[in-house]
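Heads up, the sequence shown is in UniProt numbering, so the first residue is 31 and it goes up one at a time.
Idealized CB from N, CA, C, for every residue including glycine.
In this text the structure is predicted, and so the values were computed from the model without any measurement.
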Amino acid sequence: QSKSFGNRKALTIENFIMIKPDGVQRGLCGVIIKRFERKGYKLIGLKMLNPTEEILKEHYKDLADKPFFKKLVNYISQGPVIAMVWEGVDIVKQGRRIIGETNPLDSAVGTIRGDFGLEVGRNIIHGSDSVASANREINLWFKADELIQWKNHSTEWIYE
Ligand code: GDP
Ligand code: MG
31 QSKSFGNRKA LTIENFIMIK PDGVQRGLCG VIIKRFERKG YKLIGLKMLN
81 PTEEILKEHY KDLADKPFFK KLVNYISQGP VIAMVWEGVD IVKQGRRIIG
131 ETNPLDSAVG TIRGDFGLEV GRNIIHGSDS VASANREINL WFKADELIQW
181 KNHSTEWIYE
């Protein structure tokens, strides 16, 4: 979708990012949030919760046939997680770059999974894989009134 910044229109997109229970337990919430902030992205929704199996099965429904599906739901349902919505230009694709590959061992140093993880079953963070997934996941995890529209004073120094 497109949004206005001052008198300009810029293409911005929203992304669903979730710090998984291992990221929370290992005290990585601050550094993870900082990596999105320092890039120039804007946080417009954040909450801590213990996700139900129901929401996780819906969230990961495309993986329901995978042999690791049960382990995956079990891992994330241990909670708590930090669910977030981030906004900014190209946030879905750039979010994947900030996060790294699915397997931390394939992830470049400098990415979240590349810097902090060792195993695919403990890969610290979720980020949507497409704009369509992001919209679906934001609607699944957040109510409309939990998303905060605010003007970041840095906007004019992040966007030309
Ligand atoms: P992502 O988009 O990079 O998170 O990867 P996928 O959408 O393919 O998989 C979703 C999540 O399932 C991953 O982030 C992992 O937590 C988990 N997962 C994927 N593949 C495996 C696997 O081979 N084994 C285990 N244990 N978990 C996996
Ligand atoms: Mg995925």
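Would DSSP call residue i helix, strand or coil?
i: His89; result: helix
i: Thr132; result: coil
i: Glu149; result: coil
i: Asn165; result: helix
Tell me where the beta strand (DSSP E) around residue i begins and ends.
i: Leu76; result: 72 to 79
i: Val111; result: 111 to 118
Taking the straight line between their C-alpha atoms, what separation do you get for residue i and residue j?
i: Glu117; j: Tyr189; result: 13 Å
i: Leu123; j: Asp159; result: Note that residue 123 is Lys in the sequence shown, not Leu. For Lys123 and Asp159, the distance between alpha carbons rounds to 8 Å.
i: Trp171; j: Ile62; result: 19 Å
i: Phe46; j: Glu186; result: 24 Å
i: Gly140; j: Asn133; result: 14 Å
i: Lys91; j: Val103; result: 10 Å
i: Tyr105; j: Met114; result: 19 Å
i: Gly157; j: Gly130; result: 10 Å
i: Leu148; j: Leu135; result: 6 Å
i: Leu177; j: Met78; result: 14 Å
i: Phe98; j: Ile121; result: 28 Å
i: Gly144; j: Gly125; result: 14 Å
At what residues does the alpha helix (DSSP H) containing residue i begin and finish?
i: Gly144; result: 142 to 146
i: Phe66; result: 59 to 69
i: Gly53; result: 51 to 55
i: Lys106; result: Residue identity differs from the one stated: residue 106 is Ile in this sequence, not Lys. Element bounds for Ile106: 99 to 107.
i: Ile188; result: 185 to 188
Worksheet item: How would the residue list near the ligand GDP read, in chain order, if you kept each one whose beta-carbon is closer than 6 Å to any heavy atom?
Response: Leu93, Phe98, Lys101, Leu102, Thr132, Val150, Gly151, Asn153, His156, Asp159
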